[in-house]
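Each residue of the sequence shown is one higher than the last, beginning at 403 in the working numbering.
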Amino acid sequence: MATFKAPRGTADALPPDQPYWEFVRRQGEAICRRYGYRRIDTPVFEEAGVFIRTIGQDTDIVEKEMYLFKDRGGKEMSLKPEGTASVCRAYLEHGMSSLPQPVRLYYLSPVFRYERPQAGRLRQHHQLGAEALGELDPALDAEIIDLAWRFYLSLGLQGLSIQVNSLGCLKCRPAYRQALVAYFASRLGEMCPDCRSRFDRNPLRLLDCKNAACIAVGDEAPRSTDHLCLECGQHFASVVRYLNLWELTYNLDHRLVRGLDYYTRTVFEIQPPEGGSQSTIGGGGRYDDLMEELGGRPTPGVGFATGLERIVSNLQRQGIALPAALGPRVYVCYLEEARDEAFRLLAELRHGGVEAVAAVGGRSLKSQLRQADAQGMSRAIILGGDELKSGCPMVRDMSNGQQQSIPTGQLTAFLKGLSG
Ligand code: HAM
403 MATFKAPRGT ADALPPDQPY WEFVRRQGEA ICRRYGYRRI DTPVFEEAGV FIRTIGQDTD
463 IVEKEMYLFK DRGGKEMSLK PEGTASVCRA YLEHGMSSLP QPVRLYYLSP VFRYERPQAG
523 RLRQHHQLGA EALGELDPAL DAEIIDLAWR FYLSLGLQGL SIQVNSLGCL KCRPAYRQAL
583 VAYFASRLGE MCPDCRSRFD RNPLRLLDCK NAACIAVGDE APRSTDHLCL ECGQHFASVV
643 RYLNLWELTY NLDHRLVRGL DYYTRTVFEI QPPEGGSQST IGGGGRYDDL MEELGGRPTP
703 GVGFATGLER IVSNLQRQGI ALPAALGPRV YVCYLEEARD EAFRLLAELR HGGVEAVAAV
763 GGRSLKSQLR QADAQGMSRA IILGGDELKS GCPMVRDMSN GQQQSIPTGQ LTAFLKGLSG
């Protein structure tokens with residue numbers, strides 16, 4: 403019979419990788435809370451319109467990557483291809499505009515995109531995202547960039563760089579778009595088929611193409627920052643001033659447009675040292691028109707999201723050591739005559755807050771100790787006839803074989819006092 407595999411473009415996060423995931427989630431949540439963001443969870447699927455209206459018809463995500471399905475009531479639904487639109491839908495649905503603004507929210511969520519899988523590009527990945535809703539103030543754009551940056555620093559990642567740009571607003575973008583159309587029209591022959599087909603619908607996207615020839619053409623293209631209206635120009639100058647104030651190093655990248663259409667004004671991305679098109683570790687920006695697309699009153703917002711798989715692979719590639727485990731992992735070994743005491747002790751340790759398992763399967767003491775070693779346990783508790791009589795189990799340090807006899811009543815406290 404055929405065996406099953408995880409669907410293409412998805413990955414199991416197995417126990418050896420879990421310490422990385424826990425570390426990333428823990429640091430991420432801690433930093434979001436320190437910046438005043440509160441957790442929100444939204445469903446993994448929404449009415450498809452939530453995403454189609456906001457992300458944009460001409461984006462890769464809406465054109466070919468959404469996991470669309472009709473539910474049994476015939477409603478068109480989509481698995482979440484990103485988190486921002488869902489959070490904005492929740493903001494509107496729960497009347498969060500009546501709360502003190504801005505409303506700062508963060509989330510940890512799986513995200514689904516039917517992409518061509520390759521290294522760093524999955525069909526299900528996981529994001530940590532943060533959104534500041536209801537305020538236009540450029541201090542928030544800088545806050546989000548700073549939050550992202552400090553998060554990566556807190557993980558110990560090295561060599562990252564920040565790219566920023568401003569895309570202007572509905573008022574100034576049409577003129578910029580026209581300037582781009584005029585420029586690309588004269589260079590279209592040098593560009594890839596994808597760019598040629600996108601030229602009419604979404605000329606901004608041509609700046610984003612990863613094809614070498616298109617990059618060369620894009621480098622000389624008109625810059626959005628030269629076409630900003632007065633308000634957008636002042637807004638961007640102010641974002642940059644905050645970044646300087648907080649001593650963040652960044653590059654102005656006029657080719658940065660992002661892959662979702664809802665952005666207005668500030669956009670940014672953070673890249674690890676090994677570049678490449680699938681390497682961007684996090685990105686975001688401002689989206690002041692998104693809430694209106696969802697049927698709400700005009701409500702500004704700015705945020706970012708980062709891919710947890712890409713963070714974990716960067717941590718592993720950079721050989722970053724994780725903080726030591728919180729306490730020892732204990733393996734209770736016993737001779738048959740001490741079995742009941744061993745299992746009584748096992749419960750006592752667990753209830754007292756020690757990570758402990760007991761040998762099962764009727765193996766010899768020697769084989770139990772081999773198991774403890776093979777499972778990477780830091781301590782073994784040994785209970786034989788002598789230990790049973792004296793009421794003092796033996797504690798064996800698995801790293802060096804040293805043994806110590808500890809009275810049962812003191813065992814939990816003794817083990818909790820060890821570092822790992
Ligand atoms: P995004 O740039 O599409 O933005 O995704 C954010 C991050 O998710 C990327 O930088 C990358 O680390 C990760 N990512 C995206 N696609 C994949 C994939 N196929 N496989 C693995 N990782 C991936 C957004 O989703 C916006 N919602 C960000 C945002 C929040 N803008 C404003 N607020």
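Ideal Cβ placement from N, Cα and C applies to all residues, glycine included.
Note that the structure is a prediction, hence the values are computed from the model and not measured.
Measuring from the CB of residue i, is there a heavy atom of the ligand GTP at a distance below 8 Å?
| i | result |
| --- | --- |
| Gln720 | Here the bound small molecules are the ligand HAM; the ligand GTP is not part of this structure. |
Quick one: using the 10 Å Cβ neighbour count with 16 as the cut-off for buried, is residue i buried or exposed?
| i | result |
| --- | --- |
| Lys482 | buried |
| Ser500 | exposed |
| Pro409 | exposed |
| Val704 | buried |
| Ala544 | buried |
| Glu484 | buried |
| Met564 | As written in the sequence, residue 564 is Ile, which differs from the Met given in the question. Buried, by the Cβ-count rule. |
| Leu645 | buried |
| Trp648 | exposed |
| Pro595 | exposed |
| Asp690 | buried |
| Phe553 | buried |
| Pro445 | exposed |
| Ala782 | buried |
| His496 | exposed |
| Pro502 | exposed |
| Met593 | buried |
| Val642 | buried |
Counting only beta-carbon separations shorter than 9 Å, does residue i have a partner in chain B?
| i | result |
| --- | --- |
| Ala587 | No chain B appears in the structure shown, which is made up of a single protein chain. |
Throw me the rounded Cβ distance for the residue i and residue j pair, which I believe falls under 8 Å.
| i | j | result |
| --- | --- | --- |
| Pro540 | Ser640 | 4 Å |
| Val505 | Leu535 | 5 Å |
| Pro605 | Val583 | 5 Å |
| Leu470 | Ser480 | 5 Å |
| Gly531 | Tyr508 | 7 Å |
| Arg603 | Asp414 | With a Cβ gap of about 38 Å, Arg603 and Asp414 do not count as contacting. |
| Glu449 | Lys472 | Not really, about 11 Å apart at Cβ, beyond 8 Å. |
| Gly522 | Ser681 | 6 Å |
| Thr456 | Leu658 | The Cβ separation is near 20 Å, so there is no contact. |
| Phe638 | Thr668 | 7 Å |
| Ser807 | Met796 | 6 Å |
| Pro809 | Gly793 | 6 Å |
| Glu789 | Ala740 | 7 Å |
| Leu458 | Leu608 | Inspection of the sequence shows that residue 458 is occupied by Gly rather than by Leu. No, Gly458 and Leu608 are not in contact; Cβ-Cβ is about 15 Å, not under 8 Å. |
| Ile683 | Pro674 | 5 Å |
By the DSSP assignment, the beta strand (DSSP E) with residue i in it spans what residues?
| i | result |
| --- | --- |
| Ile783 | 781-785 |
| Phe638 | Phe638 -> not in any beta strand (DSSP E); alpha helix (DSSP H) instead, spanning 632-647. |
| Glu671 | 666-673 |
| Pro483 | Taken as a continuous stretch (DSSP letters only), Pro483 belongs to no beta strand (DSSP E), as it is neither H nor E. |
| Glu757 | 757-760 |
| Arg660 | Note, Arg660: premise wrong, no beta strand (DSSP E); not H, not E. |
| Asn604 | Note, Asn604: premise wrong, no beta strand (DSSP E); not H, not E. |
| Ile564 | 563-568 |
| Leu470 | 470-472 |
| Tyr508 | 505-514 |
Check residue i in the structure and name its three-state DSSP category.
| i | result |
| --- | --- |
| Ala815 | helix |
| His528 | strand |
| Leu692 | helix |
| Asp460 | coil |
| Asn716 | helix |
| Val732 | strand |
| Met498 | helix |
| Thr708 | strand |
| Pro417 | helix |
| Val446 | coil |
| Ser801 | coil |
| Leu737 | coil |
| Gly685 | strand |
Which stretch, first to last residue, makes up the alpha helix (DSSP H) that contains residue i?
| i | result |
| --- | --- |
| Pro595 | 595-600 |
| Lys768 | 767-776 |
| Phe586 | 575-589 |
| Ile617 | 614-621 |
| Phe406 | Element bounds for Phe406: n/a, residue is neither H nor E. |
| Gln429 | 420-436 |
| Tyr554 | 540-557 |
| Arg379 | Because the chain here runs from 403 to 822, residue 379 falls outside it and cannot be looked at. |
How about the region 484-495 and the region 414-424: do they share at least three Cβ pairs that are nearer than 8 Å?
-> Verdict: no, contact absent.
Assess, as a yes-or-no matter, whether the region 731-739 is touched by the region 754-762 under the definition of 3 or more beta carbon pairs within less than 8 Å.
-> Counting C-beta pairs with one atom in each stretch, the region 754-762 and the region 731-739 have three or more that are closer than 8 Å, which means they touch.
Meets three-Cβ-pair contact criterion under 8 Å: the region 531-551 and the region 581-591 = Segments in contact, no.
Would you call the region 512-528 and the region 701-718 in contact, with 3 or more CB pairs under 8 Å?
-> The region 512-528 vs the region 701-718: in contact.
Report yes or no: do three or more beta-carbon pairs, one from the region 719-727 and one from the region 570-578, lie closer than 8 Å?
-> By the Cβ criterion, the region 719-727 is not in contact with the region 570-578, since fewer than three pairs of Cβ atoms, one from each stretch, lie closer than 8 Å.
The region 713-720 contacting the region 543-560, beta-carbon criterion three pairs below 8 Å | Between the region 713-720 and the region 543-560, the count of C-beta pairs closer than 8 Å reaches three or more; the two stretches touch.
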